[in-house]
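Engineer: I have a structure I would like to understand better, so I am pasting it below and will then ask my questions one at a time.
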Amino acid sequence: MGANVSMREGYGRALVAYGEINPDVVVLDADTSGSTLSSYFAQRFPERFFNVGIAEPALVDVAVGLALGGKIPFANAFAALMSLRAMEQIRTCVCYARANVKLAAGYAGVSDYKDGPTHHSITDIAVMRALPEMTVVVPADAAEAAAFVSLVAEYEGPIYFRLSRGAALPARDGPVELRIGEGLTLREGGDVTLVATGSMVGRSLAAADLLSGRGISARVLEIHTIKPLDVALILSAAEATGAIVTAEEHSVIGGLGGAVAEALCSAYLAPLERVGIDDRFTCTAPDSDTLMDAYGLAVEDIVAAAERSLARKRS
Amino acid sequence: MTFHPESLIISLEDRARELRLDSIEMIYRRQAGHPGGSLSAAEIVTALFFHEMRLDPERPDWPERDRFILSKGHASAVLYAALARRGFFPIAELREWGELACHLQGHPDRLKTSGVAMTSGILGHGIAIGAGLALAARLNQMRYRVYVLLGDGECQGGVVWEGAMTAAQYRLSDLVGIVDLNNVQLDGPVHDIMPLEPFADKWRAFGWAVLEVNGHDMRQVLDGFDAAREVHDRPTVILARTTKGKGVSFMENDAHWHGVPPNDAQYAQAMAELRGEA
C-alpha cells in the first residue's frame, strides 16, 4: 500500500476483504459510513450492514446485542463521539458485560483538521485504556490498519481500534507480522529510545534519521497496542538506552506517554520526555500535517525531546 | 389467541405471590435493594419465566432460548427470585445476595449469574441491545424472541428512543418491550418529574405496535404476549399499568419505597399482607 493511501481507505477495503471470508462479521455505522469508509462493506454486504443514524449510544448498544447473538460487530463512528458520547455504553455494556464488540473509531487525533476541535479526538486513548477489559489498538499507517482488521476480528473481547482519517508516513517498507499486545522494534539504537504510536511512528523514524546525522543512535519502538502494554519491550529498551521519548497524536495526559510513565515508575526509572498535544484544545487547520506541527508533533519536536531526554540521562 | 384456562391463571398468580415474598425477604435480609419496582413487575416477570419464554435451565446458554433483558436492572430481586424458582440456580443462594462471594450482584450480571441474558443496571440500554439481539437472530435464521422490561422513568432517557427507532427501521417483530408503568420514580411521580404522556402515541409515532394491559391481571398479561406474536411487521411494546409496591399496603404508590429496605416491623407486616394473613 503506497504512502498516499489513507488509513480509512486501507481499513475500509480490508473490512470488505475480511467480510468475504468471515460471514459472522457485521458492520454498523452512525451516519458516517461515507467518511469512515465502512460504506465499502455496506455496498458489498448490505444485509450485514446497519446504519443506526446519528446515535452513537445506540450504535454501541445495538452492536452489543449483535455480539451477544454471536456476531462480530465492527461499530464505526468518529472517535470523538464514540469515546465520549457513547462512553457509558462502552463501559457498562461492552467492557463490564464483556461483549465481543469492535469499536472502529475513525477520524482520531487531529486527522479531521477541517472540522476543528469539536471533531478532534485527543483524549480517547486516555479514557479507553482506563476501562477494565478493554484492548486499545492504534495502527501506524494504512497498510497496518488493513493488516489489523482480521486480528481485531478474531481477537476475543472488546477492542478500541483507533483509526485516522488521513495518510501517515509509512511505518515500514514491507509487511511485518503483527500480534496484538506485542510492540515492534523498528530500528535498533543505543543512546535513546523513541516509543511511538499511530501517525507518530513514521515521524519518529524520520526523527531517528535526523538524530543519526547528529551522532545520536536512536532505537524506535512501535507500540500499536497501548493496552495491554508491551511492558517487557519498553523496560528492556529503557535499560539498554537509559533515555525514553514517547510520541503520540493525543494529549500528553493519559495516552501512550502516561502508559509508558506508569510502566517505568514501577520498574526502572529512565528520563522520559513526552511528545504529544499539550493540555489544551486544538484549532482548525488547512491540513493535518500543518496542524500536527503547530501542536508540538513535528519531527523536530521529537528530535528536541530526544535531546532533552539524553541530557537528563547524562546529568 | 390462545385461551388460558383458569387453572393456569391461578397457578401463575400463586407464583407471582411467591416472587413477591422472595423479593421482600431478599431485600429485608440484605437491607438493600429496590422493593417498589420488584413488586410492580411480579406478574410480568412470572408470565415471562413460567409461561411465555422458551427456556431450559439445564442449558442456560441454549442458542435457541428466548432472551430476557431486565432493562430496569434495579428490580434485580424479582428477576433473581424468578431465575431461582425456575431452576437456574439453587433457591438457597437467594439468601447470599450481595455477599462478597455471591454471584448475585446488586444489578444483574450476565457473566456471573446463570440465566441472565444481559448485564444491566444503568437505565436505558435494553431496547437497543434487544434490537441487536433480534438482528442477530434474523441473520442467524434463529427463531428466538427478545423481551425487554423497562421502567417508565427509564423512558425519559434518549437512548431508549434511539434503540426504538432502530428496531422499527429493521422491523424487528421478534422484539417485545414491556414497560412497567407504575408511575413512580426515585424522586416522585413520573408525571411530576418528567411526564411521558401521551406515552402510547409516542411509541406508535416511533413505529411500534402498542398494546395496553393491566400489569397485575395475569390473564391480560398473557393475552398481551399472545397478541404481540400476531404482529409481524414491527416491534411491539406492551404498556403494563401497574402499582409500585403492589401487594404491600404501605409501599404502594410511594416513591419512598423505590430503593429502601423494610425494617423488622415493616418486614413482618409486608410478609403477612403478601401471604394474605393481614
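In the order they appear, the protein sequences are chains Z and F.
Note that our numbering has the first sequence beginning at 40, numbered continuously upward.
Note that our numbering has the second sequence beginning at -14, numbered continuously upward.
Ideal Cβ placement from N, Cα and C applies to all residues, glycine included.
What residues in its chain sit with their C-beta under 7 angstroms from that of V101/Z, if we drop five residues either side in the sequence?
Structural biologist: Within the first sequence, the letter at position 62 stands for residue 101/Z. Only L67, F89 and V91 meet the Cβ criterion.
Engineer: Under 8 angstroms between beta-carbons, which chain F residues line up against V55/Z? List them in chain order, please.
Structural biologist: Residue mapping note: residue 55/Z aligns to position 16 of the first sequence, counting from 1. Result: empty, since nearest Cβ-Cβ is about 18 angstroms, beyond 8 angstroms.
Engineer: Can you pull the chain F residues whose beta carbon is under 8 angstroms from the beta carbon of F89/Z, in chain order?
Structural biologist: Against the first sequence, residue 89/Z aligns to sequence position 50. Result: L120, T151 and Y155.
Engineer: Name the chain F residues that come within less than 9 angstroms of V65/Z, Cβ to Cβ?
Structural biologist: In the first sequence, the residue the question calls residue 65/Z occupies position 26. Correct list: L120, A121 and L124.
Engineer: Within the 9 angstroms Cβ cut-off, does I114/F reach chain Z?
Structural biologist: Numbered from its first residue, the second sequence carries residue 114/F at position 129. For I114/F, the answer is yes, since a Cβ of chain Z falls inside 9 angstroms of its Cβ.
Engineer: With a cut-off of 8 angstroms, do at least 3 Cβ pairs link the segment 162 to 169 of chain F to the segment 18 to 31 of chain F?
Structural biologist: Flag = yes, the segment 162 to 169 of chain F and the segment 18 to 31 of chain F touch.
Engineer: Can you tell me which of the three DSSP states E197/F falls into?
Structural biologist: Reading the second sequence from its first residue, position 212 is the one you call residue 197/F. Residue state, collapsed to three classes: strand.
Engineer: Relative to the alpha-carbon of R219/F, which residue among A116/F, T227/F and Y129/F has its alpha-carbon at the smallest distance?
Structural biologist: Taking the first residue of the second sequence as position 1, residue 219/F is located at position 234. The shortest Cα separation from R219/F among A116/F, T227/F and Y129/F belongs to A116/F.
Engineer: For F184/F, which residues from the same chain have a beta carbon less than 7 angstroms from its beta carbon, with the 5 sequence-adjacent residues on both sides left out?
Structural biologist: Your numbering for residue 184/F matches position 199 in the second sequence. L224.
Engineer: Taking all protein chains shown into account, decide if R226/Z is buried (16 or more other Cβ within 10 angstroms of its Cβ) or exposed.
Structural biologist: Here residue 226/Z refers to the residue found at position 187 of the first sequence. The residue in question, R226/Z, is buried, as its Cβ has 16 or more Cβ neighbours within 10 Å.
Engineer: Is the Cβ-Cβ distance between A26/F and V63/F less than 9 angstroms?
Structural biologist: Position 41 of the second sequence, counting from 1, holds the residue named residue 26/F. Position 78 of the second sequence, counting from 1, holds the residue named residue 63/F. The answer is yes: Cβ separation under 9 angstroms.
Engineer: So, under 8 angstroms CB-CB, S56/F and E139/F are touching, yes? Tell me the CB distance rounded to an integer number of Å.
Structural biologist: For the purposes of this step, residue 56/F is taken as residue 71 along the second sequence, with counting starting at 1. For the purposes of this step, residue 139/F is taken as residue 154 along the second sequence, with counting starting at 1. So it is a contact: roughly 6 angstroms between Cβ atoms.
Engineer: Taking Cβ to Cβ, would you say T227/F is nearer than 9 angstroms to H243/F?
Structural biologist: Along the second sequence, one-based indexing puts residue 227/F at 242. Along the second sequence, one-based indexing puts residue 243/F at 258. No, they are not a contact pair.
Engineer: Is the beta carbon of I198/Z sitting closer than 9 angstroms to the one on E346/Z?
Structural biologist: By 1-based counting over the first sequence, the position of residue 198/Z is 159. By 1-based counting over the first sequence, the position of residue 346/Z is 307. Contact flag unset, no.
Engineer: Are the segment 301 to 315 of chain Z and the segment 333 to 348 of chain Z in contact at 8 angstroms, needing three or more beta carbon pairs?
Structural biologist: Counting Cβ pairs under 8 angstroms, three or more are found: they touch.
Engineer: Output, in sequence order along the chain, the residues in the segment 134 to 150 of chain F whose CB is closer than 8 angstroms to any CB in chain C.
Structural biologist: Included in the structure are the protein chains Z and F, with no chain C among them.
Engineer: Are there 16 or more other CB atoms within 10 angstroms of the CB of E49/F, so buried, or fewer, so exposed?
Structural biologist: What you label residue 49/F is simply residue 64 of the second sequence in a count that begins at 1. Result: exposed.
Engineer: If the criterion is Cβ atoms closer than 9 angstroms, does the pair L303/Z and I273/Z meet it?
Structural biologist: As a working mapping, residue 303/Z is identified with position 264 in the first sequence. As a working mapping, residue 273/Z is identified with position 234 in the first sequence. Yes. Within cutoff.
Engineer: Opposite Q170/F in the DSSP bridges: which residues?
Structural biologist: As a working note, residue 170/F is residue 185 in the second sequence. In DSSP, Q170/F forms a bridge with G173/F.
Engineer: Is it the case that the Cβ atoms of V284/Z and R253/Z are separated by a distance below 9 angstroms?
Structural biologist: Within the first sequence, numbered from 1, the residue matching residue 284/Z stands at position 245. Within the first sequence, numbered from 1, the residue matching residue 253/Z stands at position 214. In this structure, R253/Z does not lie closer than 9 angstroms to V284/Z by Cβ.
Engineer: Suppose you measure from the CA of V188/Z to the CA of G213/Z; what does that come to, to the nearest Å?
Structural biologist: Position 149 of the first sequence, counted from the first residue, corresponds to residue 188/Z. Position 174 of the first sequence, counted from the first residue, corresponds to residue 213/Z. Going by the C-alpha atoms only, they are around 18 angstroms apart.
Engineer: Report the partner residues of N61/Z according to the DSSP bridge assignment.
Structural biologist: For the purposes of this step, residue 61/Z is identified with residue 22 of the first sequence, where counting begins at 1. According to DSSP, N61/Z bridges with nothing at all.
Engineer: Per DSSP, which residues does N90/Z bridge with? Please list them.
Structural biologist: In the first sequence, counting from the first residue as 1, residue 90/Z sits at position 51. DSSP lists D68/Z as partners of N90/Z.
Engineer: Compare the C-beta of L170/Z against all C-beta atoms of chain F and say whether one is closer than 9 angstroms.
Structural biologist: Here residue 170/Z refers to the residue found at position 131 when the first sequence is read from its first residue. No, L170/Z does not count as interfacial toward chain F.
Engineer: From R330/F to T162/Z, what distance separates their C-alpha atoms?
Structural biologist: Summary: the structure shown does not reach residue 330/F, with chain F confined to residues -14 through 263, and so no result is reported for it.
Engineer: Counting only runs of 3+ residues fully inside the segment 250 to 329 of chain Z, write out the beta strand (DSSP E) ranges in chain order.
Structural biologist: Entirely contained in the segment 250 to 329 of chain Z, the beta strand (DSSP E) runs reaching 3 residues are, in chain order, 257 to 261, 264 to 266, 283 to 290 and 311 to 316.
Engineer: Does the beta-carbon of R39/F have 16 or more other beta-carbons within 10 angstroms, so that it is buried, or is it exposed?
Structural biologist: Residue numbering aside, residue 39/F sits at position 54 when the second sequence is read from its first letter. Classification for R39/F: exposed.
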